[in-house]
Every structure is written in C-alpha cells, then in structure tokens.
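Peer 1: So in the numbering used here, spot 141 of the sequence shown is number 142, and the numbers just go up one at a time.
Even for Gly, the Cβ is constructed at its ideal location relative to N, Cα and C.
Bear in mind the structure is a predicted one, so any value in this text is a computation, not a measurement.
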Amino acid sequence: MNQDLLPVKVLQIGMTRNIGGLETYLMQQFDHLDRNKVVYDFVNITNEYDIVFADKIRNAGSKIFGVCSRHKNPLNHYWQWIKLLRKESKNYKAIVLNTNSLEYIFPLFLGKIMGIPVRIIHSHNGGFENKIGLIRRVLIGFNRILMKWSVTDYFACAQSAGQWMFGNTQPFTVIHNAINIKDIVFNDKVRQIKRSELKFGDEDFIVGHVGRFVYQKDHEFLIDVFNEVHNKRSKAKLLLIGDYVGDDTYYKNAVNQVKKLKLENAVLFLGIRHDVAELMQAMDCFVMPSRFEGLTVVGVESQASGLPCFFSDNITKELKLVDGLCYFIDKKLEKKTWADIILKKSAVTRRDTSKELRLAGYDIDTEVNKIMSFYLKEKK
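1. Between ARG120, MET28, GLY168, which lies nearest to ILE180 when the distance is taken from Cα to Cα?
2. Identify every residue that forms a DSSP beta bridge with GLN13.
3. Does the distance from the CB of GLY67 to the CB of ASN48 come in under 9 Å?
4. Given that a residue counts as buried once 16 or more other Cβ atoms are within 10 Å of its Cβ, and exposed if not, what is ARG196?
5. When the Cα atoms are used, what is the spatial distance from SER313 to LEU7?
6. Alpha carbon to alpha carbon, how far is SER355 from CYS327?
7. Whole angstroms is fine: what's the gap from ASN254's alpha carbon to LEU271's?
8. So, with DSSP's three-state summary, where would you put HIS220?
9. Taking LEU98 and LEU86 to be in contact with their CB atoms under 8 Å, please state how far apart those CB atoms are, rounded to whole angstroms.
10. With respect to the beta strand (DSSP E) encompassing TYR328, which residues constitute its N-terminal and C-terminal limits?
11. So the candidates are VAL268, GLY116, GLY62, THR338; which of them puts its Cα closest to the Cα of ASP205?
12. Do VAL226 and PRO290 count as a contact pair if the criterion is CB distance below 9 Å?
13. Taking the Cβ atom as the reference point for each residue, do VAL211 and VAL349 lie within a distance shorter than 9 Å?
14. By Cβ distance, which residues of its chain are closer than 6 Å to GLY307, with the 5 residues on each side in sequence left out?
15. Tell me, please, whether the stretch 169-180 touches the stretch 332-349 by the rule of three or more beta-carbon pairs shorter than 8 Å.
16. State the Cα-Cα distance for the pair GLU265 and VAL259, rounded to the nearest angstrom.
17. Can you tell me where the beta strand (DSSP E) with SER124 in it begins and where it stops?
18. Could you tell me the distance, in whole angstroms, from the CA atom of ALA361 to the CA atom of GLU368?
19. For GLY22, I'd like the list of residues in its chain whose CB is within less than 6 Å of its CB, leaving aside the five on either flank, ordered along the chain.
20. Measure from the alpha carbon of VAL215 to the alpha carbon of each residue in GLY142, GLU294, ASP285, then state which is nearest.
21. Is THR25 near ILE52, with beta carbons less than 9 Å apart?
22. With VAL39 and VAL11 assumed to form a contact (beta carbons below 8 Å), what rounded beta-carbon distance in angstroms separates them?
23. Rounding to the nearest angstrom, what Cα-Cα distance links SER70 and SER151 in this structure?
24. Do you know how far the Cα of LEU76 is from the Cα of ALA237?
25. Would the beta-carbon of GLY128 fall within 9 Å of that of ARG292?
26. Tell me whether PHE156 sits in a helix, a strand or coil according to DSSP, three-state version.
27. What's the C-alpha gap between ARG59 and PHE31?
28. Which of the three DSSP states, helix, strand or coil, is assigned to LYS238?
29. Distance, Cα to Cα, TYR41 vs TYR376?
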C-alpha cells in the first residue's frame, strides 16, 4: 500500500485510570482527530489496571499497549518497553510523553534509539513541591541532560509550564488545553435539571472543585475555606469531584477533616464523574487553591460554563481567559478573607462565554487542526 495514503500514527504516553486534566486533554483531541489522517495509540505504563476511556479508545480502533509499573518492578518495566518498541517502533512517526515532571523520560530516550523520528515531551505542570529529596533532584538533573539528546520537539500547556520544565533557553510550542466549548457553555435548563437531581434548593450556594486527592490540590485548605463560607451561608454546599490514585492518604484526611468540622451534610464526595460539564452548570462558583498547577483544563471548563472562578495565586495568570470571572487570591490570606471574596464576587449573572474562549484559542477544533498540521508536516 502507498505509505502516503496511510495515517500518521502517534504513540501517546501519560494516561492513567483517573479522569484528570491530562486525560481530558488527550481525549478531547482523540475525539476530534480525522483518523484518516492521524491516529493516536496509547501506552499504559502502570498495567495493573486499564486507563480511563479504554473501551472508547479500543472501540474507535486504536490500540492500548501495556508495560508493568516501574515502581513495583523497574527492571521488567524497562525490559517490556524495549520489547514493545523493538516490535512497534517502525509503525510510529511520533512518540509523545505527557508529563508533570522530569523524573521519567525513558520512553523518549528509547524512542530515539529505536528510530522513531519525532519525539515530543509535553509539560502539563507549572511547579512542584518546594522540598524534594536529593535523589529526585539528581534524577531530574540527569534527565534534563538526557532530554536534550532524546527530544525533537517541546510542547507545554502554557508559557509558565514550558519555562518551568524546559527553562528559558529551550524553545517550546504552547498547545492550549482546548475544549469542546459548545458542550459546556452555560445552559440554565441543564442547571435546573442537575440541581434538581442533586436535591439542591434555590437558596443553596454550591461551591465546586474538581481534582485528585493529592498534595498539589490542597483539599485541606479548600475545606477550611468552605467552612468559613458555610459559617456565613448555612445553605452552602461543597462538591468534591475526583478520586485518589494509589495512595489514599489525602482522601482520608479530607473525609476526617469534614467530620471534625461537622460538615458531613454540606460536603459531597462525588468521586470520578463523567458529567462534570453538567455538574458545573449546577455550581455557583469554582474554587481551586492548588499549591502549584499548569494551565488546568478544569479552569478552562469552569470559565466556559460562565462560573466565577477563584484560584490560588500559585496558578499561572495565563488561566484568566474571561474578564470578570477569574480571581487569583493570595494563599497567605486568612480563610475568612477567601470566603468573603468568594461570596462577594460570586454574585454574577451566568452568561455565554464561548466567544472569549474561542478568541483566546481554546476551541478544540482550532487546536486539533494545529496539532494535525504539525504531524502531517512531519510526515513529508
């Protein structure tokens, strides 16, 4: 068969079993690709469980390869990678590592050895814990050197994410965390239906949050802020959407904190949900006090749904896409001050923000065309 008639095949790494921002980003692209031109396959690098959306991916005709967890069996992990790329590398024009840190770049190093022409590292994060151990620092330093030898192209979800991971001397391309805007734009009918399903009354003030139970998201701070909101608005409720992956410490801490504050009837732990867009319609504001963050997909989605959004000042200001909806609050301020700002600034009329999102470059069709043009250019 004429190779020019075959689609460009891209091997994507980074999906987990959790519906996080990275997974949402990849599936938004996956759903809108012209598969006659570009095909995404995936590698599950912790093959103890399926990645999220696995059935959907396979039903669309794409493949999911698996290698065992490097944390449980590092030697076997690397050996399985070698066997996989020895067999499959000739079928792929590109390999993409979607990552939040430089602790792991082996697939790109191996991809170069195995002859995959395009090797991309995509930064999805804009910061890390302030205190990391010496071994991790050495590993990251070594991988930074290895990265320059292994990688052909550098992507980032935002300028801040690129500068944090690659430094100021390494050119990179910003790929927006674009969304299907029409699926999430504010719809009052959906809002009323969802609030009715959740048994919320007209007087209930709904604070929303989407995020895994990990150190980064700082649920402890969020729940303390909500406690202050609840002290001022007795009918306030907090929706916590998301789960934990592996270590459940932060989840258990959040549950215990809610019990200690006697907020069991006001805080809803909703777990992994496939109706986040509809749940955002039901909210009255969105709060994300992260310790560090890239340009988070849920931050884009919340603005697309017309929600007043309250972010910690640790999050990149590039996330401000809609005037009058986005507020960055100093984490050093008292929780009562956070609550006052949230209650005051949430008194807005929800509206259609789709025009602002499109002008900012966050329409999925526009961004997918940009991505496809990149891969098709590499085909020539």
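Peer 2: Considering the structure as presented:
1. MET28
2. Within the DSSP secondary-structure output, GLN13 pairs in a beta bridge with PHE43, VAL97.
3. yes
4. buried
5. Rounded to the nearest angstrom, the two C-alpha atoms are 46 Å apart.
6. Distance between SER355 and CYS327, taken at the CA atoms: about 15 Å.
7. 16 Å
8. helix
9. In fact, because the Cβ distance is near 13 Å, the residues do not count as touching under 8 Å.
10. First-last of the beta strand (DSSP E) with TYR328: 327-330.
11. Checked all of VAL268, GLY116, GLY62, THR338; the closest Cα to ASP205 is VAL268.
12. In contact: PRO290 and VAL226 (Cβ atoms closer than 9 Å).
13. No; because the gap between Cβ atoms is not below 9 Å, this pair is not in contact.
14. So the qualifying residues of the chain are PHE187, ARG351, ARG352, THR354.
15. no
16. Straight through space, the alpha carbons of VAL259 and GLU265 are spaced by roughly 6 Å.
17. 119-124 is the extent of the beta strand (DSSP E) around SER124.
18. 11 Å
19. THR297, VAL298
20. Ranking GLY142, GLU294, ASP285 by Cα distance to VAL215 puts GLU294 first.
21. Between THR25 and ILE52, the CB-CB gap reaches or exceeds 9 Å.
22. 7 Å
23. 22 Å
24. Roughly 51 Å separates the two Cα atoms.
25. yes
26. DSSP places PHE156 within a strand segment (E or B) once states are collapsed to three.
27. Roughly 12 Å between the two C-alpha positions.
28. strand
29. When the Cα atoms are used, TYR41 and TYR376 turn out to be separated by approximately 11 Å.
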